[in-house]
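If you count by UniProt numbering, then the sequence shown holds residues 1 to 396, one letter each, in order.
Every residue gets a Cβ at the ideal spot worked out from N, C-alpha and C, and that includes glycine.
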Amino acid sequence: MTTRATSIQDNERIASLDMMRGLALLGILLANSLHFQYGLFLIPNLHDYYPLGMIDRITENAILFLATASFYTLFSFLFGYGMALLKERLEQRELRFGTVYFRRMSILLVVGFLHYLLIWDGDILLTYALGGMLLYFFLRLKEKGLLVWSLILLLLMATSIGMPEDESTLVVEDSLASYSVIEKEVLTSGSYAEVVQFRLTEDMFGLGGYGQILVILSAMIAVIGMFLLGAFVARKKWLLNIDHHRTMLKKVWWITLLVGFPTKIPHAFIGDSYQYEMLHMTIGGPLVAMFYATSIALLATNPTARKWLQPFAMVGRLSLTNYLMQSIVFTTLFYGYGFGLFNSLGYFVGAILAIVFFLLQILFSIWWITRFKMGPFEWFWRAGTYLEIPKLKRES
């Protein structure tokens, strides 16, 4: 029995999980393509969102319906799954899980903060790191406890649908509108230093320091429900023997298809109301995420489908590298300190750029994986996690 922690090897990887990560990265990029070119909050009438008219509106509807709130939720599910696997692997080696785990989360916290401050304030890594630290204590639970707490937290988020808009909601909306006006000016013509300074000083919610803490806690609750669901599925090992669990997975597929997508229709196609958005975010998003997960799980057992999904697996194996590269490239394309395309292309062209760039990421990932064992950012993360220098280059 080995006496030290080591990173996951090629023959230990679950291909369907890498496929899910790759698909999630495509969906996240499409959803983020709205925000890279128009800011964090899509305030009505602030930008020219539809320079191409109907085709831009159709693109917006499609992204809201298919991608927004579903792919970062799928990524949250996969994060929880991965952390449960990490715990199992380390405990099999009779190693202290907590020490390795908190080193891993601390590194992610630093990377997430730097990504937020220096590259893009739509970062999810910071929230994942903070939520991941809380996840550690839940991972002590049995399978039933993981499922129960997952459902409690997901249902807690869903209760926001019934909350009426009040004066405090309007105050926050006014603050976001004011923030977005300044953001538009800074991202259109500001220098890199001015953009960083803007992120450091502006209070987007108008709630002060305590408000920021409340926002962070809300974001943690929003992701940890899916973390726990992913950990539960990892414990049940449903994705290790898909044929054995095919009947159950098909039931989940049908339920999430027939319930998940209809709950996204009002926000994506009918109107922009608080209740529609919460229905979309808290029920539609998680259910559609599970639809995508079960779709890949079921398709991955078919040799032909598996071949078509393999490029997603290559991107998924470099998930952290590819996620950070998306932010670096697209902020450079759109922000004033780069190519200055902010508020100028429209949703359709932005989506085309996202798809083209993802195709380039597929080619890059295939090229990289044939030569190296892991991505550069994955290498850095694992080196810090395990306090040893992992081998990067493959033997020729």
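From the DSSP output, read off the bridge partner residues of K393. F372
Can you find the residues in the same chain that come closer than 6 Å, C-beta to C-beta, to G190, ignoring five residues on each side of it along the sequence? G336
8 Å contact criterion, which N161 and M278 should meet: CB distance rounded: It should be pointed out that residue 161 corresponds to Ile in this sequence rather than to Asn. 4 Å between Cβ atoms; contact.
Comparing C-alpha positions only, which one of L155, G206, E183, L200 sits nearest to L170? G206
Residue closest to T370, alpha-carbon to alpha-carbon, out of F357, A383, W379, K393: K393
Element boundaries [alpha helix (DSSP H), containing G27]: 15-36
Local Cβ density within 10 Å of K250, reported as buried at 16 or more and exposed below that: exposed
Going by DSSP, what residue range makes up the alpha helix (DSSP H) through M248? 246-255
Can you find at least 3 beta carbon pairs, one from the segment 230-240 and one from the segment 137-157, that sit closer than 8 Å? yes
Whether S16 touches L298 by CB criterion (7 Å): no
By how many angstroms is the C-alpha of F65 removed from the C-alpha of F358? 20 Å
Using only CA atoms, which one of P51, L42, Q37, T73 lies nearest to I28? T73
Assuming contact is defined by CB atoms lying nearer than 7 Å, are residue 404 and M157 in contact in what I supplied? No answer is possible for residue 404: the residues shown for the chain start at 1 and end at 396.
Candidates G375, I58, E395, L25: closest to T321 by CA position: G375
Apart from the five residues just before and just after T3, which ones in its own chain have a Cβ nearer than 6 Å to its Cβ? For T3, the pLDDT reaches just 45, beneath the cut-off of 50, and the residue's location in the model is therefore unreliable, although a value from the coordinates is still provided. Hits under 6 Å: none found.
With respect to the alpha helix (DSSP H) encompassing N45, which residues constitute its N-terminal and C-terminal limits? Where N45 is concerned, there is no enclosing alpha helix (DSSP H), given that its DSSP letter is neither H nor E.
Report yes if the CB atom of A129 is closer than 7 Å to the CB atom of L114, and no otherwise. no
Continuous alpha helix (DSSP H) stretch holding R89: start and end: 71-92
Backbone secondary structure at E183 - three-state DSSP: helix
With distances taken Cα to Cα, identify the nearest neighbour of L228 among K142, E183, W120. K142
Mark N241 as exposed unless 16 or more other C-beta atoms lie within 10 angstroms of its C-beta, in which case mark it buried. exposed
Rounded C-alpha distance that separates G112 from V349: 28 Å
Can you tell me where the alpha helix (DSSP H) holding R103 begins and where it ends? 97-118
For E395, does the count of other Cβ atoms within 10 angstroms reach 16, so buried, or fall short, so exposed? exposed
If you compare alpha carbons, which of A351, F41, F291, I362 is closest to K184? F41
By the DSSP assignment, the alpha helix (DSSP H) with residue 440 in it spans what residues? Within the shown structure, residues of the chain are numbered from 1 to 396, placing residue 440 beyond reach of any answer.
Could you pull out every residue in the same chain whose Cβ sits closer than 8 Å to the Cβ of T331, ignoring the five residues on either side in sequence? F36, I119, W120, G338
Extent of the continuous alpha helix (DSSP H) run through T331: 319-334
Is it buried or exposed, I270, if we count other Cβ atoms within 10 angstroms and call 16 or more buried? exposed
Thinking C-alpha only, which one of L155, L52, L387 is nearest G285? L155
Please check the pair T99 and F342, which I expect to be a contact at CB under 8 Å, by giving their CB distance rounded to whole angstroms. Not really, about 44 Å apart at Cβ, beyond 8 Å.
Have a look at N216 and D203 and give me their C-alpha separation to the nearest angstrom. The sequence given here has Ile at residue 216, not Asn. Distance between the alpha carbons of I216 and D203: 13 Å.
Need the endpoints of the alpha helix (DSSP H) that R199 sits in, please. 192-201
How would you label residue 409, buried or exposed, when you count the other beta carbons within 10 angstroms and need 16 or more for buried? In the structure as shown, the chain begins at 1 and stops at 396. Residue 409 is therefore absent and cannot be evaluated.
From L78 to M20, what does the alpha carbon distance come to, in whole angstroms? 8 Å
Taking the straight line between their C-alpha atoms, what separation do you get for I182 and L257? 40 Å
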